[in-house]
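These notes are about the structure you will find just below.
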Amino acid sequence: DTEVTQTPKHLVMGMTNKKSLKCEQHMGHRAMYWYKQKAKKPPELMFVYSYEKLSINESVPSRFSPECPNSSLLNLHLHALQPEDSALYLCASSAQEKLFFGSGTQLSVL
Amino acid sequence: GEDVEQSLFLSVREGDSSVINCTYTDSSSTYLYWYKQEPGAGLQLLTYIFSNMDMKQDQRLTVLLNKKDKHLSLRIADTQTGDSAIYFCAEIKVRTGGYNKLIFGAGTRLAVHP
Numbered sequence: 028d029t030e031v032t033q034t035p036k037h038l039v040m041g042m043t044n045k046k047s048l049k050c051e052q053h054m055g056h057r058a059m060y061w062y063k064q065k066a067k068k069p070p071e072l073m074f075v076y077s078y079e080k081l082s083i084n085e086s087v088p089s090r091f092s093p094e095c096p097n098s099s100l101l102n103l104h105l106h107a108l109q110p111e112d113s114a115l116y117l118c119a120s121s122a123q124e125k126l127f128f129g130s131g132t133q134l135s136v137l
Numbered sequence: 275g276e277d278v279e280q281s282l283f284l285s286v287r288e289g290d291s292s293v294i295n296c297t298y299t300d301s302s303s304t305y306l307y308w309y310k311q312e313p314g315a316g317l318q319l320l321t322y323i324f325s326n327m328d329m330k331q332d333q334r335l336t337v338l339l340n341k342k343d344k345h346l347s348l349r350i351a352d353t354q355t356g357d358s359a360i361y362f363c364a365e366i367k368v369r370t371g372g373y374n375k376l377i378f379g380a381g382t383r384l385a386v387h388p
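Laid out in structure tokens, this is it:
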């Protein structure tokens, strides 16, 4: 089983809304990631959690707030987003050299 | 440079072989990867190669690595319409005991036509 599950698959939100993206894996991976992907572009790393501690924040604006409640779950809390934040948000997890991605949440900010 | 480079588009006829090329940046990268992304989907890990290897074959996929030129290629034999997708090359920039930081190329869009 190499499955990383993301919910919701699609999300539309206004600039004043608060929403959360969720990611779950049961492969026992101790590293989990958030990536942002704009249309026709490669994924860009946002955050990395290793052993439930934030290891990398790639200078992401504070309107994105990650959370790792336990080793299987990763959340991304969204508040006061801008239209340019519309993108596909991908979660990933890794063990050793392999990085596995979820199917993503397509986010539209109106 | 800092970029992993790929050609942006490749068109092939069904049944032919496809070759997607990539130039990476760091000769000390230990692992190099190929991911496939279909429209509206996440990235699927297709294959990867360790830097002490020159070639890796997995069914229809063949990966060739030229460390001297920092060149990686993915050959897909007997290309099918289901192979139409974007293919991303990636290299490891940071590898610790806890996590890996990958750098992706811009992606090559493969179009397979009858």
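Protein sequence lines correspond, in order, to chains A and B.
Note that the numbering used here numbers the first sequence so that position 56 is 83, with each residue one more than the last.
Note that the numbering used here numbers the second sequence so that position 46 is 320, with each residue one more than the last.
Glycine included, C-beta positions come from ideal geometry on N, C-alpha and C.
Have a look at residue i and residue j and give me their C-alpha separation to the nearest angstrom.
i: B/A315; j: A/G131; result: 7 Å
i: B/G275; j: B/T299; result: With a pLDDT of only 44 at B/G275, under 50, the local geometry of the prediction cannot be trusted, and no value is derived from it.
i: B/T297; j: A/V87; result: 28 Å
i: B/K367; j: B/I377; result: 6 Å
i: B/P388; j: A/E79; result: 48 Å
i: B/E288; j: A/W61; result: 36 Å
i: B/H345; j: B/S302; result: 13 Å
i: B/S325; j: B/Q280; result: 19 Å
Pick out whichever of the options has its Cα sitting closest to the Cα of residue i.
i: A/I83; options: B/A380, B/F283 and B/N374; result: B/N374
i: A/M59; options: A/L48, A/E111 and A/V75; result: A/V75
i: A/K67; options: A/A114, A/C118 and A/L137; result: A/A114
i: B/S285; options: B/A380, B/G379, B/T353 and B/E365; result: B/T353
i: A/H56; options: A/Y116, A/L134 and A/L126; result: A/L126
i: A/P96; options: A/D112, A/L81, A/K45 and A/K65; result: A/L81
i: A/R90; options: A/M73, A/E30, A/L100 and A/M54; result: A/M73
Check this for me: beta carbons of residue i and residue j, under 7 Å apart or not?
i: B/L348; j: B/V337; result: yes
i: A/F128; j: A/L117; result: yes
i: B/T321; j: B/L335; result: yes
i: A/T34; j: A/K46; result: no
i: A/L100; j: A/E51; result: yes
Assuming residue i contacts residue j (C-beta within less than 8 Å), just tell me the rounded distance between them.
i: B/L306; j: B/I294; result: Between B/I294 and B/L306 the Cβ distance is about 13 Å, and since that is not below 8 Å, they are no contact.
i: B/L282; j: B/A364; result: B/L282 to B/A364, Cβ: 16 Å. No contact.
Are the segment 116-134 of chain A and the segment 344-363 of chain B touching, with three or more C-beta to C-beta distances below 8 Å? No, they do not touch.
So does the segment 97-112 of chain A actually touch the segment 37-57 of chain A, counting three or more Cβ pairs closer than 8 Å? yes
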